[in-house]
Amino acid sequence: MSEPIIHMDGIKKHFGNVIALNGVTFDVRPGECHCLLGDNGAGKSTFIKTMSGVHKPTAGTITFEGKPMQLGSPRDAMEAGIATVFQDLAMIPLMSVTRNFFMGREPTVGRGIFKRFDLDSANRICMEKMRQMGINLRAPDQAVGTLSGGERQTVAIARAVHFGAKVLILDEPTSALGVRQTSNVLATIARVREQGVGVVFISHNVRHALAVGDRFTVLNRGQTLGTAKRGEIEAAELQDLMAGGQEMASLEGSLGGTV
Amino acid sequence: MSEPIIHMDGIKKHFGNVIALNGVTFDVRPGECHCLLGDNGAGKSTFIKTMSGVHKPTAGTITFEGKPMQLGSPRDAMEAGIATVFQDLAMIPLMSVTRNFFMGREPTVGRGIFKRFDLDSANRICMEKMRQMGINLRAPDQAVGTLSGGERQTVAIARAVHFGAKVLILDEPTSALGVRQTSNVLATIARVREQGVGVVFISHNVRHALAVGDRFTVLNRGQTLGTAKRGEIEAAELQDLMAGGQEMASLEGSLGGTV
Amino acid sequence: QNIIVVAHGQANDPFWSVVKNGAALAGEHTGATVDFRTPEIFDMVAMSQLIDSAINQQPDGIVVSIPDADALGPSIQRAVDAGIPVISMNAGADVARDLGALLHVGQSEFDAGKAAGERLAEMGGTKGICVNQEVGNVSLDQRCAGFAEGFGNPVSIVPTANDPTEVQSKVRAALEADAEVDTVLGLGAALVGEPAVAAVQALGRDDVLIASFDLSAGFLQSVADGQAAFAIDQQQFLQGYLPVSFLALNATYGLIPGGDVPSGPNLIMQDSAAQVIELSAQGIR
Amino acid sequence: MAQNASLSADERIKTETLTTRLMKRPELGAIGGVILVTIFFLITASPTMFTLAGIMNFLTPAAQLGILGIAAAMLMIGGEFDLSIGSMVAFAGMIFGVLVVNMGLPLIFAIPLTMAFAAATGAVNGAIVLRTGLPSFIVTLAFLFILRGASLVGLKLFTGGSTQLRGVREAVADDWLTPIFSGDAFGGAFRWMAQQGWIAQLNSGAPSVPGIPVEILWFVAIAALATFVLLRTPAGNWIFATGGDKQAASNSGVPVRRVKISLFMLTALAAALVAVITVIDTGSTDARRGFMKEFEAIIAAVIGGCLLTGGYGSAIGAFFGAIIFGMVTIGLSYTGFDQDWFQVFLGAMLLLAVVFNNAIRKRVTGER
Amino acid sequence: MAQNASLSADERIKTETLTTRLMKRPELGAIGGVILVTIFFLITASPTMFTLAGIMNFLTPAAQLGILGIAAAMLMIGGEFDLSIGSMVAFAGMIFGVLVVNMGLPLIFAIPLTMAFAAATGAVNGAIVLRTGLPSFIVTLAFLFILRGASLVGLKLFTGGSTQLRGVREAVADDWLTPIFSGDAFGGAFRWMAQQGWIAQLNSGAPSVPGIPVEILWFVAIAALATFVLLRTPAGNWIFATGGDKQAASNSGVPVRRVKISLFMLTALAAALVAVITVIDTGSTDARRGFMKEFEAIIAAVIGGCLLTGGYGSAIGAFFGAIIFGMVTIGLSYTGFDQDWFQVFLGAMLLLAVVFNNAIRKRVTGER
Ligand SMILES: Nc1ncnc2c1ncn2[C@@H]1O[C@H](COP(=O)(O)OP(=O)(O)OP(=O)(O)O)[C@@H](O)[C@H]1O
Ligand SMILES: Nc1ncnc2c1ncn2[C@@H]1O[C@H](COP(=O)(O)OP(=O)(O)OP(=O)(O)O)[C@@H](O)[C@H]1O
Ligand SMILES: [Mg+2]
Ligand SMILES: [Mg+2]
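Chains as they are written, first to last, in this note's numbering: chain A, 1 to 259; chain B, 1001 to 1259; chain C, 2001 to 2285; chain D, 3001 to 3368; chain E, 4001 to 4368.
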């Protein structure tokens, strides 16, 4: 099997007196989709934030393509080739869809002091990408704050995918999406994986995870419970692990085993 | 069948030149769970916001327990007995979990000028309710802004349920929840429905909707596509309606029919 | 010896910086240490608190200006009760004795304004404006009031901010809006007098009389060149120098003059302006 | 609190020391600055600064500023600004002076009338902000100018042309309410202490400190009350919520409009109280009173840790913020530094105090 | 834009008129206020206000304020304040004066040196804000005091005791750069127009308007440039993003720190430019230059629609905001109103202009 693109070893993260991560080891290989699963508050988002340069880990090492790496800021991570869809989406509500889409990586026309933000083509690309994801926007200059929850999430996903990367991190990307948009996103994951991108996919939906995942790592209370390969593990078993081993409410039966 | 608690008739809502709702009719009866389904951007959140007093409808009438009603503010709706979990949760990030939980309806001790916010019992109740939903908080004075996505959503749900109501509106309440928390929320819906509360439940997950819904109304592009009773409609058919009738990405097969 | 001066104008006000220079020089000459303190803005409450803080330090003498006797009276009396000799300067000639001050060095702002008004009327002014860069500062308001009385003709007040460009525009506006205005009195030479001259020059009018309180080198130059009528000098250097020297002498030998010392007013006209430009540029006049 | 015991069982939290817990509270954030400034002046200033008289001397302006600062802090926590409080000090002072001197009303009528005027203006401020949806910054700025101008016009009208109204002290000298709003409290106790030789005496035999200036008592009482309201009452919760996110608060059932209007009335009332206290104390009022106090009040609140964006801060913070500001402004006159350097020092000290606060808090709480 | 055609096919949007589309732009929000104020003065003021000379007269202070206001607006959009720009005008003026008068440097060296000083101070401001995480309000407030004090000390040092440094006009009279920073542009054209009788002449035969004051040209150029940067460049996008949500912007790869530091440098540079222009124009500088300009700049930005919380606003808005402010302050001198009422009018006019702006925009865009 190929070498991991990024390898995180023994990552700890403390916020004041709160211990959010207590030694997590994780890696992603090119062309695989590695699912990060776990209960609410397990530390998944915190973990991928250390991976994308938002948080500095309290302890632990990050190795990127075989070399140790220090991520000073999300921009560093981006430049190294790590694209992330954060759970809170990292959008500016007052700004337009296009401006959010290209935030930090604006296309330009002209040269020298006449170099300017190429809004026309940016608008076009943005509308197009959104349509591909199954969202027909009214106008590219609508403020993101007035979009619906799912529309907003789609902007964030389309943005991360559009710019390409070696590692694509998706933190619960389908949580607010409709059925059509969800299947588009899952199809997109499958597509980029084919292109050799390593995907980190966080979800609470076992079915989504099983549909695209190659490996599954489960976090619980800031620690790794273990990693399984595709085919080695059953849906029910995985679901049990994700619930942190605690018993579930009685309704479960009527839900047919998988929530 | 019993009279509807709340009946919304021909609701339209325009934002400037954007037409978000274009004539939606909807009602909730006591003791039923009425699911509101639809594609991203269909207008579900906008609709329930007019129902809970956040938006004034551009046109249309609201009848509450047989009497026409004008909702001036969310507080009016609350006092009438409408409790809502908004998609954006309506939480203040800088404030503690307990303070958010009781925001607007603080328990007090003492009397006259010595009447004060009963923080001790508020903390106790809050921790207890969160535990019931499957979340073990570290401390009730943690700022909501530092909670994980699912923890935060659970606070909003627990709050709405705790204060009781005649109508409980839940806008994608399970989107960020883990499997255990989801089954708790669905069980909670079933429980309050038993108590005669009318529940409006918005979800993109057909399985969740079918698990607890009694009736299903589908919105598309600001208009009602129709209402179906439980048992009258198949999962696949419902899913098709929710996608707005548009074709889905090819991955569908591997997802086993329901996303 | 330690002498504390508490004044109501700020250290960066050109007028008061001259007072401060005077006090500092007196300190050098007599060997006393001089602390010069002012509130950051015209504020009687803050000033009374500064006097209190001076009293707490038990100096050998306090020099105060008294623009509001009611507000500062109790603090000054407390100083007197505490046995600290007090001399007032600049403002407060009428109340200094009653409050227990030994004497007063200065001129009445009202009288100075009146003298200027009388002189401008004599020179042929018929309708005037008084350009006030700090409306509500009682000493400045008194200058305008005195001017109105001495001038005898209609006077209106033009309130402005502390900004030369704005003053220039406003003076110009006032002159254009009412062509009968032929007299401009500024309450500060650098802040108002100079921009007023510039405004009149830009309008191309040579029939406008311009006078200003206090001195600045630029304004004196205009007086010397005949573009402005005169500057009103109250020799505020003396208001800083004399009280400090008096208090130092008082502390050493128990000497004190028997009466108030009038430091002005002193109108500087075209003939004498050139001589004081250099001193003004050094912060002495 | 009750649940601490059960919590320490959670392996996901480290135990923290009492100091850490205390320093985390925004109320106590500004204490570090007070300590730093005190040490600075202990070293550089004349020792008379920290005699009883000296302390009263710098606490008096701090108290007057602090009353405004605490109100401004509450309003800022609620998400708005009031730039008109400085002008309100002048305006309310003018109203009060006229009521007392020109109309000869006793304080029992004059003070409530002044307060009513102020509260009404505050309510108008608030109503305009809510009705138009404009930022309060610009609305109250308009009132900054309007009230300041109205004070000038009013004073000229009632004094026949002067911008200074005098004679308040004589007018209220015999009023039984005067001691509550002016002068020094506990005079008897202080005279007795002076006779015992516990505190210094003047030549006249009177104690060097005639008592505790009443504004200091008001200041402490208001700080305590405001802290109680903010932290221990539903209203306090509403204020934080309103400032934190207006929309979310309103969606959760907080009566946002009522909260905001009340806060605007509160700042106006605080300004009127300061006006009454200072006008009786000085016996006069003029058109410049309270000039720039709106900014100093905001400065005190911000030094004390309030966020300009609303939703975060404390009354105790503003309390210490005002003390820091008062100590620095008056304190420099106890040092030998040249007045020309005053502003440089003021700026540097403020910056130092705030940076120090911050550094301490971060270090203690382990934020990064 | 290109996609409008395809969009009108969507049944979920109503068609909107051109006016609606224009009024929606924040850039044009403040135009309503300018019109209102103009109408007010057309009715009440002496007709000389709207002669060519009169317009130049109120545009000159508006332009000086506007240069600061546009910079302040950009910084506010980026989520920060700079309260030190007023003091920076005095400080940079002092540096410039000393370089030109005391050191006799030609403008080609003196101006870049002054700018470099200012930019460095701005960078320090920004670095402290970023390093400590303190609100910029408090950090730049400290610099407000520090720079103001430093100007006083510096002036006294270099003039030997005076607070005014003069002789700048003489020192730069023959410099080839002077016409770019001072005086009136297009003098020839105006003289020619006066000869043709198109514009009024003075008694001396010179045109009543000798040209367009260069600050007005600077003002217009800066407004155009700032608008271009904000709306049409990546940097503009970064500024909006940084002010809208620092965390989200940084997570999306915007170099937040670099943006903020640059903006602090920009405001300092704007202040230095105003300092150079006014110092050459008046021929002198003093310790009170730029007093309160930081607030007026913020006022202009807010009138122009900037949000104090950042992330929203426009340079054109600040442009019109400065014009409104300039017209109102100067315009009242053209009216017959008793000038005691000045501040009342100023406040009322500001409020009216902003309310009017807002009402128009809401009405046109159909917001509720
Ligand atoms: N800045 C912070 N300060 C204090 N505690 C924090 C902070 N950020 C996160 N936490 C805590 O760390 C824990 C892990 O949070 P995280 O967001 O990583 O969970 P998650 O696994 O993403 O959960 P979810 O599935 O609900 O999104 C949570 O209990 C949260 O309360
Ligand atoms: N304030 C607003 N201004 C302009 N358009 C708005 C506003 N609020 C909502 N919209 C638009 O109205 C449409 C309906 O939005 P709504 O939030 O109701 O969708 P939704 O059905 O809840 O979608 P989702 O499932 O993604 O949450 C969206 O296309 C959105 O862009
Ligand atoms: Mg998460
Ligand atoms: Mg929604």
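Using N, Cα and C, we set each Cβ at its ideal position, and we do this for glycine too.
Remember, it's a predicted structure, so these values are computed and weren't measured experimentally.
Inter-residue Cα distance where the pair is residue i and residue j
i                 : j                 : result
Ile4323 (chain E) : Gly4066 (chain E) : 7 Å
Leu4084 (chain E) : Ser3333 (chain D) : Position check: residue 4084 (chain E) holds Ser in this sequence, whereas Leu was assumed. Cα to Cα, Ser4084 (chain E) sits roughly 24 Å from Ser3333 (chain D).
Gly4078 (chain E) : Gly2106 (chain C) : 52 Å
Val2171 (chain C) : Arg1105 (chain B) : 60 Å
Gly3054 (chain D) : Arg3166 (chain D) : 28 Å
Gly1145 (chain B) : Leu4113 (chain E) : 46 Å
Pro2265 (chain C) : Ala2161 (chain C) : 26 Å
Leu238 (chain A)  : Pro30 (chain A)   : 24 Å
Ser4252 (chain E) : Ile4138 (chain E) : 28 Å
Ala249 (chain A)  : Val1185 (chain B) : Confidence in Ala249 (chain A) is poor, its pLDDT being 49 and thus under 50, which makes the residue's placement unreliable; the coordinate value appears in the next sentence. Rounded to the nearest angstrom, the two C-alpha atoms are 9 Å apart.
Leu3269 (chain D) : Ser2156 (chain C) : 35 Å
Gly4336 (chain E) : Ile2210 (chain C) : 22 Å
Paired residues, beta bridge with residue i - DSSP
i                 : result
Ser2212 (chain C) : C:Gly2186 and C:Ala2231
Thr108 (chain A)  : A:Phe117
Phe4096 (chain E) : In the DSSP output, where bridge partners are listed per residue, Phe4096 (chain E) has none listed.
Ser2139 (chain C) : According to DSSP, which records beta bridges pairwise, Ser2139 (chain C) is partnered with nothing at all.
Cys2130 (chain C) : C:Ile2157 and C:Leu2185
Ile2268 (chain C) : C:Ala2231
Ala1143 (chain B) : B:Ser1096
His2104 (chain C) : C:Ser2088
Delimiting residues of the alpha helix (DSSP H) encompassing residue i
i                 : result
Asp1992 (chain C) : Because chain C in this structure spans residues 2001 to 2285, residue 1992 (chain C) falls outside the shown range and cannot be described.
Met3076 (chain D) : Leu3052 to Ile3077
Ser2222 (chain C) : Ala2217 to Asp2225
His1055 (chain B) : Segment: none, His1055 (chain B) is in no alpha helix (DSSP H) and carries neither H nor E.
Thr4159 (chain E) : Ser4136 to Thr4159
Gly4032 (chain E) : Ile4031 to Thr4044
Asn3125 (chain D) : Leu3107 to Thr3132
Ile157 (chain A)  : Gly149 to His162
Thr2252 (chain C) : Gln2236 to Tyr2253
Beta strand (DSSP E) segment containing residue i, residue limits
i                 : result
Val2006 (chain C) : Asn2002 to Val2006
His8 (chain A)    : The question names His, but residue 8 (chain A) in the sequence shown is Met. Here the beta strand (DSSP E) through Met8 (chain A) covers Ile6 to Phe15.
Arg4166 (chain E) : Gln4164 to Arg4166
Asp2035 (chain C) : Thr2033 to Arg2037
Gly23 (chain A)   : Val18 to Val28
Exercise. Where the beta carbon is closer than 5 Å to any heavy atom of ligand 1, which residues qualify, in chain order?
Worked result: A:Phe15, A:Val18, A:Ala20, A:Asn40, A:Gly41, A:Ala42, A:Gly43, A:Lys44, A:Ser45, A:Thr46, B:Thr1146, B:Leu1147, B:Ser1148, B:Gly1149 and B:Gly1150
Exercise. Mind pulling the beta strand (DSSP E) runs of 3 or more residues that sit fully within the segment 3179 to 3265 of chain D?
Worked result: none
Problem set entry | Every unbroken beta strand (DSSP E) inside the segment 57 to 88 of chain A [3 residues or more] | 59 to 64 and 82 to 85
Exercise. Considering only residues of the segment 180 to 226 of chain A, which uninterrupted alpha helix (DSSP H) runs meet the minimum length of 4 residues and lie entirely inside it, listed in chain order?
Worked result: 206 to 212
Problem set entry | beta strand (DSSP E) runs contained entirely in the segment 4267 to 4339 of chain E, provided each spans 3 or more residues | 4284 to 4286
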